[in-house]
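Under the numbering used here, the first residue of the sequence shown carries the number 30, and numbering increases by one thereafter. Virtual Cβ for every residue (Gly too), placed ideally from N, Cα, C.
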Amino acid sequence: MERLGEIIDLNCIIGVGTILDFNDQEILFNILDMTAFSPVGFKVNFEIELKTEGLRAVKINPFGRP
30 MERLGEIIDL NCIIGVGTIL DFNDQEILFN ILDMTAFSPV GFKVNFEIEL KTEGLRAVKI
90 NPFGRP
């Protein structure tokens, strides 16, 4: 199921970021799961998958500028 949110944190050194979805949940993601680079503040569509590290955002697509 597709979800909507905003990138609130991005650490390019370790390759992870955080999305705040529209239910105020923080979801971690791996930068490699982004379809296009999107900086902090961008609105994104994404899906949730259970990975070995826990629930993670995947298939992250930007759709709006800050």
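Check	Outcome
Of the residues 85, 54, 44 and 76, which one's Cα is nearest the Cα of residue 61?	44
Near residue 64, what residues of its chain come up, given a Cβ to Cβ distance below 6 Å and the 5 sequence neighbours on each side ignored?	90
Only counting the same chain, and skipping five residues up and downstream in sequence, which positions put a Cβ closer than 7 Å to that of residue 78?	85 and 87
How would you label residue 73, buried or exposed, when you count the other beta carbons within 10 angstroms and need 16 or more for buried?	buried
Would residue 36 and residue 92 qualify as a contact pair, given that the criterion is a beta-carbon distance under 9 Å?	no
Could you check if residue 42 is buried or exposed, using at least 16 other CB atoms within 10 Å of its CB as the buried criterion?	exposed
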